[in-house]
Each structure stands twice: as C-alpha cells, then as structure tokens.
Amino acid sequence: LAERAIELTGSKSEVRYIPYEEAYGDGFEDMQRRVPGLEKAKKLIGYQPTRSLENIINDVANEFKKESAAAA
Numbered sequence: 117l118a119e120r121a122i123e124l125t126g127s128k129s130e131v132r133y134i135p136y137e138e139a140y141g142d143g144f145e146d147m148q149r150r151v152p153g154l155e156k157a158k159k160l161i162g163y164q165p166t167r168s169l170e171n172i173i174n175d176v177a178n179e180f181k182k183e184s185a186a187a188a
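Residues in the sequence shown are numbered from 117 upward in steps of one, following our numbering.
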C-alpha cells in the first residue's frame, strides 16, 4: 500500500520497515498473519467495492494537499 501511494503521488518518501514491538509497543497483541478479503462481506450482505484503490489514494492525497495549502 505504501509503495502504491508513493508511486501514485510522486512522493520522495521511502518505505521503512520497523520491528513489530517498536511499532506497537510492549503488551500489544494482534494477529501475526492477516489474509484480508471481501468475499465474506459479498456473500453475507452483497457488499462490493465501488471505488478503486488508486481513486482512494488520490482522494486522500488531494485532501492532504488542500489541508497543507490552507495551513500555509
């Protein structure tokens, strides 16, 4: 996701991998392996995404640009 956002926005940011413990702190427990999918939502309630990941990333980037311009 980060790599796609960097690509779409032309950012000069770099992806930096950090240890789990550093990201979440001591005592935080989360699933170590995730397999995201929308199949269950589609089957149970008929949900199907209407927007692409590219569109969502672009909208978020545009909002950040607006906020930065307003703060300047």
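Built from N, CA and C at the ideal position, the CB exists for glycine as well.
Here the structure is a predicted model, which means the values were calculated and not measured.
Considering only their Cβ atoms, is the gap separating residue 117 from residue 177 smaller than 9 Å? In this structure, residue 177 sits away from residue 117, with a CB-CB distance that is not shorter than 9 Å.
Can you name the start and end residues of the alpha helix (DSSP H) that residue 124 belongs to? If you look at residue 124, you'll find it in the alpha helix (DSSP H) that goes 118-125.
Give the C-beta separation of residue 164 and residue 158 to the nearest angstrom, bearing in mind that I take them to be a contact with Cβ-Cβ under 8 Å. Confirmed, Cβ separation roughly 6 Å.
Beta-carbon within less than 6 Å of residue 193's beta-carbon, same chain only, minus the 5 sequence neighbours each way: which residues are those? Any answer about residue 193 is impossible in this case: the structure gives the chain only from 117 up to 188.
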